[in-house]
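The opening position of the sequence shown corresponds to residue 50 in the numbering used here, with each subsequent residue numbered one higher. No residue lacks a Cβ here, since even glycine has one placed at the ideal position from N, Cα and C. None of the values given here were measured: they were computed from a predicted structure. For reference, the structure discussed in these notes is given below.
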Amino acid sequence: LLKKQGEPASLTRFNQTLSINLSGTYNVARLAAAKMAENAPHPDTGERGVIINTASIAGYEGQIGQTAYAASKAAIIGLTLPMARDLSNLGIRVNSIAPGVMGTPLLTAMPQQVQDALGA
50 LLKKQGEPAS LTRFNQTLSI NLSGTYNVAR LAAAKMAENA PHPDTGERGV IINTASIAGY
110 EGQIGQTAYA ASKAAIIGLT LPMARDLSNL GIRVNSIAPG VMGTPLLTAM PQQVQDALGA
């Protein structure tokens, strides 16, 4: 919410994070669902496809400095159940996963003290 100097954080950056994580997830899911709905149902289960949204453990318990990221991932968690209900009559399942900290190039590029704070 505030930068280290006490200035308000950038609303543009906050909205950008929401756009990438939340709107991006919604956009891919809606396009995938439209294609899946065209599939013939599985003869035994009636299923036409599965959408797996990627949230994050930060969506449940975001850390210091993760306001935008945690909010965007919490929104994906909140998006998943109603999305599953909306698509259930078409035989499309929707779930989400919420991974914790993973050793990716993005993480390993961060200073060690940041990695330590994240529990990496």
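What are the boundary residues of the beta strand (DSSP E) that includes residue i?
{"i": "ILE41", "result": "Nothing can be reported for residue 41, as the shown portion of the chain is limited to 50 through 169."}
Just to confirm, are residue i and residue j a CB contact at a threshold of 8 angstroms?
{"i": "LEU106", "j": "ALA147", "result": "One detail in the question is off: residue 106 reads as Ile in this sequence, not Leu. Against a cut-off of 8 angstroms, the Cβ pair of ALA147 and ILE106 comes out as a contact."}
{"i": "ILE100", "j": "ALA81", "result": "yes"}
{"i": "THR153", "j": "ALA117", "result": "no"}
{"i": "LYS122", "j": "ALA133", "result": "no"}
{"i": "LEU128", "j": "THR74", "result": "yes"}
{"i": "GLN164", "j": "LEU156", "result": "yes"}
Can you tell me which residues form a DSSP beta bridge with residue i?
{"i": "ASN144", "result": "ILE101"}
{"i": "LEU51", "result": "PRO57"}
Am I right that residue i and residue j are in contact with their C-beta atoms under 8 angstroms? What's the rounded C-beta distance?
{"i": "ARG79", "j": "ASN88", "result": "ARG79 to ASN88, Cβ: 16 angstroms. No contact."}
{"i": "SER145", "j": "ASN102", "result": "4 angstroms"}
Considering just the uninterrupted stretch of the alpha helix (DSSP H) at residue i, what are its terminal residues?
{"i": "THR157", "result": "154-157"}
{"i": "VAL250", "result": "Look at the range of the chain in this structure, 50 to 169, and you will see that residue 250 is not part of it."}
For this session: Would you mind listing the alpha helix (DSSP H) stretches within the region 54-127 that are 4+ residues and don't spill past its ends, in chain order?
Result: 60-67, 73-86 and 107-110
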